[in-house]
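Q:
Residue numbers (the UniProt record's numbering): 1 to 200.
1. Based on Cα-Cα distance, which residue from 114, 119, 132, 84 lies nearest to residue 172?
2. If you compare alpha carbons, which of 88, 26, 87 is closest to residue 42?
3. Let me know the alpha helix (DSSP H) ranges lying completely inside the UniProt domain "HTH tetR-type" (12–72), each 4 residues or longer, listed in chain order.
4. Could you check the C-alpha separation between residue 189 and residue 24 for me, to the nearest Å?
5. Helix, strand or coil, according to DSSP, for residue 162 in the structure here?
6. Kindly indicate the opening and closing residues of the alpha helix (DSSP H) around residue 146.
7. Work out the CA separation of residue 151 and residue 70 for me, nearest whole Å.
8. What do you get for residue 139, buried or exposed, if any count of 16 or more other CB atoms within 10 angstroms of its CB means buried?
9. Leaving out five residues on either side along the sequence, give the residues of the same chain with a beta carbon under 8 Å from the beta carbon of residue 125.
10. Could you say which of 116, 50, 20 lies nearest to residue 32 if we only look at CA atoms?
11. Using the beta-carbon count (16 or more within 10 Å), is residue 13 buried or exposed?
12. Roughly how many whole angstroms lie between the Cα atoms of residue 80 and residue 37?
13. If you pair each beta-carbon of the region 120–135 with each one of the region 159–175, do three or more pairs fall below 8 Å?
14. Who are the Cβ neighbours of residue 155 in its own chain at under 6 Å, not counting the five residues just before and after it?
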């Protein structure tokens, strides 16, 4: 079986320049107003160089999103994110901590994607990724058959709540640290909504 070789450094460097230019533009203007020429000028390359790597800006967007979400999925599915047994009120769940640290580390990308209206629909894709990660976590410890509400509703509720919290965190310019966000989501998960609101 042939071995797939990673792109050489020149290709990686050029693609990074293109991606950085695209994100810089997304922070300043709507997606639909950005052209391949704009990206090329911002990256200080010729349009022919852009087209040597991507078919159009939609291809660039899709590949950037796939790459970042692929890294996020690999991270959240890894050993580091195993559920502590039992979870504690004073330490963040490692999954939430890894999630918010990743988002913070790649804040330029996620900030632009979450703030812009693009065909990539990152919020929907991220919610589905989180839903799948939560399902794997439950099934991995044999809890998917023991939940006290319908499993599909539980997964929808948890993944949408976390995704919405992420979007608001970015909209508020990430005023809280990744550790703080992870700890609060851990506490909310332990308490439940009613108890956290003081209704129990």
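Note that CB positions come from ideal geometry on N, CA and C, so glycine has one too.
It should be emphasised that the depicted structure is a prediction, and the values quoted were computed from it without experimental measurement.
A: Based on what the coordinates show:
1. Out of 114, 119, 132, 84, 114 has the C-alpha closest to the C-alpha of residue 172.
2. Of 88, 26, 87, the residue nearest in Cα terms is 26.
3. For the UniProt domain "HTH tetR-type" (12–72), whole alpha helix (DSSP H) runs of length 4 or above, ordered along the chain, are 36–43, 47–53.
4. Annotation: residue 189 to residue 24 spans about 36 Å, alpha carbon to alpha carbon.
5. Reduced to three states, the DSSP call for residue 162 is helix.
6. First-last for residue 146: undefined, no H or E at that position.
7. Separation of residue 70 and residue 151 (C-alpha to C-alpha, rounded to the nearest whole angstrom) is 25 Å.
8. Classification of residue 139: exposed, given that the 10 Å Cβ count is below 16.
9. For residue 125, the CB contacts under 8 Å within the same chain, skipping 5 residues up- and downstream, are 65, 69 in chain order.
10. Residue 116 is the option with its Cα nearest to residue 32.
11. Exposed.
12. Taking the straight line joining both Cα atoms gives about 42 Å.
13. Enough Cβ pairs lie closer than 8 Å, so yes.
14. Taken in chain order, the residues that qualify are 131, 134, 135.
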